[in-house]
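Line by line, the protein sequences are chains Y and P.
Numbering follows the working numbering, with no gaps: position 186 of the first sequence is 186.
Adding 1000 to a residue's 1-based position in the second sequence gives its number in the working numbering.
Idealized CB from N, CA, C, for every residue including glycine.
Small disclaimer: the values here were computed from a predicted structure and weren't measured.
Inspection log for the structure reproduced underneath, given as structure tokens.
Protein chains: 2
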Amino acid sequence: MTVNRQWLLARRPTDKAVRGDFEYRESEIPDASNLAPGHVLIRNQLFLHAPTMRNWMDPASNSFYPTVGLGTPMLATSAGVIVKSNNPRFAEGQRVTAITAWEDYTILNADVWPVRPVADELSLVEAQGPVGMNALTAYMGVTQVGRPKAGDLAVVSGAAGSTGSVAGQILKILGCRTIGIAGSQDKCDRLVSELGFDVAINYKTQDVEKTLREIAPEGVNFFFDNVGGDMLQAVVENIAKFATIVLCGQIAGYNDGVPVPGPRNMMRLIYGSVRAEGFLLGDFEEQIPEGTRQILEWIRSGKMVHREDIRSGFDSLPDTFSDLFTGNNDGTLMVVTDEAARTRP
Amino acid sequence: MTVNRQWLLARRPTDKAVRGDFEYRESEIPDASNLAPGHVLIRNQLFLHAPTMRNWMDPASNSFYPTVGLGTPMLATSAGVIVKSNNPRFAEGQRVTAITAWEDYTILNADVWPVRPVADELSLVEAQGPVGMNALTAYMGVTQVGRPKAGDLAVVSGAAGSTGSVAGQILKILGCRTIGIAGSQDKCDRLVSELGFDVAINYKTQDVEKTLREIAPEGVNFFFDNVGGDMLQAVVENIAKFATIVLCGQIAGYNDGVPVPGPRNMMRLIYGSVRAEGFLLGDFEEQIPEGTRQILEWIRSGKMVHREDIRSGFDSLPDTFSDLFTGNNDGTLMVVTDEAARTRP
């Protein structure tokens, strides 16, 4: 590789992101001969596609999420190798996960941006899959934010997705009864047979609010919500006293251009003494090592499964991203570069 | 008094409650000669009007709040005297606060329904005013649910109301900077001059969202919301990272017939790591003595003021209730019975 391939954000999508929203460019590899203190040069080899990246494509607002500048490389959660380092915490050749961008090479200040070493026993796929950003987000959302009680009736929306599938399994491990909501019969079957959910609801063929009322007449004690909109409404209508709602994502609204309404009838939250709480993985930086260790232990002891959907080819980055919003991914969606694909990273 | 005067709910209001929604009836005084164990007969002397009573007039739903049966006396927060007791915790002549109804005499099971003794040094007005349901609701919402930090920028909606005025003063005592939102210039002036708010916003003449952005560019850390709807939206648009929203009331929607939408853009709650939590005073039954003691201490030491709006006449109950929704009350709105009005209770 003698050039730095990049996918730049060329225009802001108003609906789903499509290839035409990005511009392919071949730049020079960044000059790392004189790195500023704290900075590292990373060779990106794997990109994780997460739904919230769609928000980063929106115009700057008075909200909190980052906005990718037009004409600059699309930000992404990635894994790769330190090629050059002027940071005492990172050595050349070290494998890391980081927030870099859709490009081959990224220079960044590792004291400011998240860059985390990948343990020797893990592949890059494992580092961004079973113990990657989505899985750790599920872990923190359940154990640190939501803190369910054993015996709780717990619902997960987007349950077949990368975060939801982990959240559901952790809830089961913690002793909850689990109901997963997904968008196809195939996914629903898998929620029960593979991921251990007690019940699955197909929101494309079933009325979620009514079905929940039938199968959970005592109400929902815990809701891990990746979807928002109608899903949030349907569960709020069935919420139990003293319930907890973990606000993890609002994928229902990411392509809409207008914000999704929150749940109608906030009175249910008042009279129900319900807590609804949003969070980001970055709020729990200190708990990441423990979360990583715990998830790996669950996986190795057979208590948890993880499914990856790995695509290859730097060229495919914009196209594969849209699969997140059409339900065409089958597990944590990652793209490995052509070079890296030759040896499973 | 030889009859039991009652105001029955005759039909369910679809907008504001009006006198025609109620039916006046004179019944026999309940026979207390053979009270069931745990039961007491209470002579009601004072009725507190709280906005949430409007919700109790709605049809039964799958929500949690109580529904008053058609043709039965309207439920109300009250104060009065135990006339007859078959409950070891209550003696005849003892003054109490309770959830009774718009009637002169109520029999209820004091082991099931909330009945609380009134301390000797308090009048019935004080028991339902400065340390009544609304004031204690503010106390629990701030100190037990919200738990603000000193230095927080705190906003209170419905700040001139019975609950909001107490919440704002407690926030100030705890070291917050306080912004109050109210619906008239007169009330706004009073928020600052009498209740110690740092700033007041008149939502009828000012754009709340825009004004907050100007006077709180760092964002709102703490929101005590009595109103919901547009007020909740305006504050959410200005919410700071790691903020807390205490969901106390949704008076904006109580007369609408349809539930008020929750805040749009729940993403702000996610990326802001914001907690929104509803509650009821009854969740904190054990903390009520301590809250009562603390509020009285603040009042006696001059740190807190309390304003009562006391009307008299059992006949006026339905008409005075509607003043809550037109802003025509000036402090905690209570109605004392004609008999009781002769000696300030």
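- For Gly1278 of chain P, the three-state secondary structure derived from DSSP is strand.
- Counting other Cβ atoms within 10 Å of its Cβ, Ile42 of chain Y reaches 16 or more and is therefore classed as buried.
- Looking at the DSSP output, Tyr105 of chain Y sits in a beta bridge with Y:Arg43.
- By the Cβ neighbour-count rule, Gln185 of chain Y is exposed, with fewer than 16 other Cβ atoms within 10 Å of its own.
- Secondary structure of Asp120 of chain Y (DSSP, three-state): coil.
- Sorting Y:Lys149, Y:Ala127, Y:Glu297 and Y:Thr137 by C-alpha distance to the C-alpha of Tyr1271 of chain P places Y:Thr137 at the top.
- Only Val1258, Pro1259, Val1260, Pro1261, Gly1262, Pro1263, Arg1264, Asn1265, Met1266, Met1267, Arg1268, Leu1269, Ile1270, Tyr1271, Gly1272, Ser1273, Val1274, Arg1275, Ala1276, Glu1277 and Gly1278 from the segment 1256-1278 of chain P bring a Cβ to less than 9 angstroms from some Cβ of chain Y.
- Secondary structure of Phe1064 of chain P (DSSP, three-state): coil.
- The straight-line gap separating the alpha-carbon atoms of Gly1146 of chain P and Glu1277 of chain P is approximately 8 angstroms.
- For the beta strand (DSSP E) assignment, the uninterrupted runs of no fewer than 3 residues enclosed by the segment 171-202 of chain Y are, from N- to C-terminal side, 177-182 and 199-202.
- Against Gln1250 of chain P, the close residues of chain Y are Met266, Met267 and Ile270, in the order they occur along the chain (beta-carbon pairs closer than 8 angstroms).
- Under the DSSP definition of a beta bridge, Lys241 of chain Y lacks any partner.
- In the assembly as shown, Gly302 of chain Y is an exposed residue. Its beta-carbon has fewer than 16 other beta-carbons within 10 Å.
- The beta-carbon separation of Val1142 of chain P and Leu1171 of chain P, rounded to 6 angstroms, stays under the 8 angstroms limit for a contact.
- Contact annotation, Asp1315 of chain P with Leu1333 of chain P: C-beta distance approximately 16 angstroms; criterion of less than 8 angstroms not satisfied.
- In the DSSP assignment, Met1074 of chain P falls outside any beta strand (DSSP E), carrying neither H nor E.
- The segment 48-63 of chain Y makes no contact with the segment 104-112 of chain Y: fewer than 3 CB pairs, one atom from each, lie closer than 8 angstroms.
- With fewer than 16 other Cβ atoms inside 10 Å of its own Cβ, Pro1059 of chain P counts as exposed.
- Listed along chain Y are Lys241, Arg268, Tyr271 and Gly272, each with a C-beta nearer than 8 angstroms to that of Phe1064 of chain P.
- Counting only Cβ-Cβ distances below 7 angstroms, Asp1283 of chain P has contacts in chain Y at Ser273, in chain order.
- About 3 angstroms separates the beta carbon of Gln250 of chain Y from that of Gly228 of chain Y, a gap short enough to meet the 8 angstroms contact definition.
- At a cut-off of 8 angstroms between beta-carbon atoms, Leu324 of chain Y makes no contact with chain P.
- Thr97 of chain Y is bridged by DSSP to Y:Ala79 and Y:Arg116.
- For a cut-off of 8 angstroms, the C-beta gap from Leu1070 of chain P to Ile1099 of chain P is around 19 angstroms, too long to register as a contact.
- Residue-level contact by beta carbon holds for Asn1055 of chain P and chain Y, with a gap shorter than 8 angstroms.
- Looking at the DSSP output, Arg1300 of chain P shares a beta bridge with no other residue.
- When the five nearest sequence neighbours on each side are left out, the beta carbons in the same chain lying within less than 7 angstroms of the beta carbon of Pro1073 of chain P are those of Gln1006, Trp1007, Leu1008, Ala1101, Trp1102 and Glu1103, in order along the chain.
- Annotation: Ser1157 of chain P is outside any alpha helix (DSSP H); the continuous beta strand (DSSP E) that includes it extends over Leu1153 to Ser1157.
- Taking a Cβ-Cβ threshold of 8 angstroms, none of the residues of chain P is close to Leu153 of chain Y; the smallest such distance is about 16 angstroms.
- Within chain P, Met1266 have C-beta atoms less than 7 angstroms from the C-beta of Gly228 of chain Y, given in sequence order.
- Within the DSSP bridge table, the entry for Met231 of chain Y names no partner.
- The alpha-carbon of Gly1180 of chain P is positioned some 8 angstroms away from that of Ala1160 of chain P.
- Listed along chain P are Met1266, Leu1269 and Ile1270, each with a C-beta nearer than 8 angstroms to that of Leu247 of chain Y.
- Cβ neighbours of Ala1091 of chain P within its own chain (closer than 8 angstroms, five residues either side excluded): Ile1082 and Ser1085.
- Within its own chain, the residues whose Cβ lies closer than 6 angstroms to the Cβ of Val1155 of chain P, once the five positions on either side in sequence are excluded, are Ile1179, Val1220, Phe1223 and Val1235, listed in chain order.
- In chain order, Asp21, Met57, Asp58, Pro59 and Leu70 place their CB closer than 8 angstroms to the CB of Arg12 of chain Y, counting only its own chain and leaving out the 5 sequence neighbours on each side.
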